[in-house]
Every structure is written in C-alpha cells, then in structure tokens.
Amino acid sequence: MRCRRGEHRLRGGPSRPRPPLLGGHEPHRGSGLVSKAWPRRGPGRNGCLVPRQPRLVGQGRVKFLVTGAAGQLGRALVRAATSADVVGLARSDLDVTDREAVREAVAGLRPDVIVNCAAWTDVDGCELDPQRAHLVNADAVGFLVDACDEVGAYLVHVSTDYVFNGEASEPYPENHSTDPVNAYGVSKLAGEVAAGPTATVVRSTWLQPGDLPGMVGRVLDSLAAGTPIQVMDDRRACPTFVADLAPVLLRLGSERVAGVVHATNAGVTSWYGFAREVAVAAGHDPDSELLVPISEADLGSSRPARRSVYSALDNSVLRDMGWEPMRHHRDAIAAAVADLTGTGA
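With my numbering applied, the sequence shown corresponds to residues 2 to 346, in that order.
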C-alpha cells in the first residue's frame, strides 16, 4: 500500500558582425552544493513510512533533498535552506534517469521533501531529441515519485510556462488548459502528469540566476562596452529571480501544498523591456541604440523549436492562500544591478 504524500489539494560590404542575441532559453550552469546526510526514520503502518506533519523551514526539522543542484535554481534552494536542512545533488551525484540510482539515493537519505529541479531545459535540443527530453523531464519524475512513496517523502516538482501554447492575452491561471507547442513543453507536461495530484507542481518563467550575471550581467557588459545587442521584443512573460522563487518552493514543500501552483516575480515584460529596465537601473539611456529589438521572424528558421509568444503566469493560487506576492521583477533587476556593479548597500 502506498503512503499518501499530499496534505492540502488545490486546483489545480563586409557584413557587420551580428550583435549577440539575448532572450533565448539556456540550460542551467554552475556547481552543486552538498551538505550532510540525515538519519533514517522507522516504518509506519502497512510497511509505509508515515509522512510527518508540516514543519517550518529553518528550524532544523524539515529534511530537503534537491535534485539538479548544479542549476541556478538548485543552488538558490541550497542557499535558502540551512546546511542542516538540505542535501543538494547535482547530476554528477545522481542521474535522475537511472531508476535504481534514484531509489537507492532516496532510500539512503530519507528526506521529508524532495524538490526536483533536474531538467533538460535546452528547448531546441529537446526538439531535436524528444526521446531524451521525455526521459529526463518526464520518466525521471516518475522514478522520483516511486522513490518518494517508498520512504513517505513529499515531492515538489518544478515545471514551466512552456506547457501553454502562448496564444493568451492575459496571464495564465493554474487551471487553464495546457497545449504545448514544442517537444520541451510536451515533455514537461508529461512530467507534471507523472508527478500526480498529490505532489506540488510549480510552474515558473524566465528564471534568472542569483549567483551569476545572467541576462542582467550580459546587458550591463554590452552597455559598458558600447556593443550593440539584439533583444527579443515579441515574447512576453514574467522574469523570475531564483532568489525569490526558492523560499516559495521550500515553504510549499514544508506545508505540503498539493496541486499546480504558479510562482513568478510580479510584472509582465519582453526581453527587450527587461534589457531597458537593466539600463535604467544602471543609469544608462533605455532608448540607447545599443539595445536592438528584434522579433522571432527576424531569426527566420534558424531555431528548431517554436516558442510561445505570451506565457505570463497568474499566481492566483498563492494569492488565494494569502501569501505575500513575490516582488516586481523591476525591483529584482534593480537589486541585481546594484549587486553586480557594487552600488548596493
């Protein structure tokens, strides 16, 4: 008999060199962080380990396992929780596509909550190899679910705005019908199905790193060097900084809020609008000719995967629960600029 993982369920001439393109979807980079492992728990009724009641993060009681800890979000999660509360496993530590390795790792660590940040996020790569995309983004989620069931752990699975077709004109609520337009979105939607209704599925958009320059740094570098940059202006979503998202994921896991949840920084913009906000925060002219707006059509057929034009997310579930909204992306950009330029307090 399987243990139930969810406590609360919600609804769900020579030609000039082409300026670099900003606004694409990039894989996560970085190094993983690992802290100490934890003691085991004893079995409960019917051979299952009984899930404990929700606990507060930061009191040394909830035990988190973060998969995909080498990525920008995984690193942010490890930083957001105390070292006694979290173990972060990078791909070099745990290949989530290896069912037996997943089972052994979870059985050995016996976490209370697993936050799955492991994913293949190369949108064009997924389009060229949909089988691998499904293995990493969907099958692996099923392996984690089975491992959770064996030890009574709770799963928080990170998903994406790419499960929608991008034809909306206002932010998507959690219960809006899904209709992915590329293989990446198809694989991530399959991962949501694999996670099931008793896990927390968190969709977010346009993640920005907290410990690397990212988009903010690239715009700053180009402006400082006087180098023109092309920035996409016909796609709109909600830029989300991982330092703001990580505490939300930890709280959702500790409180075991089951169902689909949208979590983004406030505000909708394009990548060009994002670049303009960086310029403003850094004291540059946002109308500078160095910022060159372009559209998907300008790229022709150079990219294999179709992109969603509009994929902003409405954080309605968090709002209905009375949670404090995540700050506006404009404020997060300003903070990142201050940090990168050394002008912060």
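Every residue gets a Cβ at the ideal spot worked out from N, C-alpha and C, and that includes glycine.
- request: Buried or exposed for Asn266, please, with buried defined as at least 16 other CB atoms from any protein chain shown within 10 angstroms of its CB.
  value: buried
task: Below 6 Å CB to CB, which residues in the same chain sit around His330 once its five sequence neighbours on both sides are set aside?
output: Pro240, Asn266, Gly268
- prompt: Which whole runs of the alpha helix (DSSP H) in the stretch 137-169 are 4 residues long or more, in chain order?
  reply: 141-152
- prompt: When you compare each of Val261, Val338, Arg111 to Tyr173 by their alpha carbons, which one comes out closest?
  reply: Val261
- request: Figure out for me which residue from Trp272, Arg111, Ala119, Glu175 has the closest Cα to the Cα of Asp150.
  value: Arg111
message: Bridge partners for Tyr173 per DSSP, in chain order?
response: Leu314
message: Counting beta carbon pairs with one atom in the stretch 248-264 and one in the stretch 314-330, are three or more of them shorter than 8 Å?
response: yes
query: In chain order, what residues of the same chain have a beta carbon less than 8 Å from the beta carbon of Val338, not counting five sequence neighbours either side?
result: Val217, Leu221, Val279, Ala282, Ala283, Thr344
query: How many Å lie between Gly192 and Tyr311 at the Cα?
result: 22 Å
task: With DSSP collapsed to three states, give me the class of Val182.
output: coil
task: Take every Cβ of the stretch 193-205, pair it with every Cβ of the stretch 125-134, and state whether three or more of those distances are shorter than 8 Å.
output: no
Cross-strand partners of Asn117 (DSSP beta bridge): Thr68, His158
Closer than 8 Å: Asp130 CB and nearest the ligand GDP heavy atom: The model depicted lacks the ligand GDP and carries no ligand whatsoever.
message: Once DSSP output is grouped into helix, strand and coil, what is the label at His26?
response: Confidence at His26 is low in this model, with a pLDDT of 42, below 50, so its placement is unreliable and no value can be given for it.
- prompt: According to DSSP, is Ala264 helix, strand or coil?
  reply: coil
- prompt: Quick one: what's got a C-beta closer than 6 Å to Arg252's C-beta in the same chain, skipping five residues either side?
  reply: none
message: If you measure between the beta carbons of Ala238 and Gly211, is that distance less than 9 Å?
response: no
- request: Would you give the residue range spanned by the alpha helix (DSSP H) that Gly126 belongs to?
  value: 124-129
task: Determine the burial state of Asn166: buried for a count of at least 16 other Cβ atoms within 10 Å of its Cβ, exposed for fewer.
output: buried
message: Tell me the DSSP secondary structure of Thr342 in three-state form.
response: helix
Span of the beta strand (DSSP E), counted from its first residue to its last, around Ser205: 201-205
- prompt: Which residue or residues does DSSP assign as beta-bridge partners of Gly89?
  reply: Val67
query: Within this structure, are the beta carbons of Val232 and Ala276 separated by less than 9 Å?
result: yes
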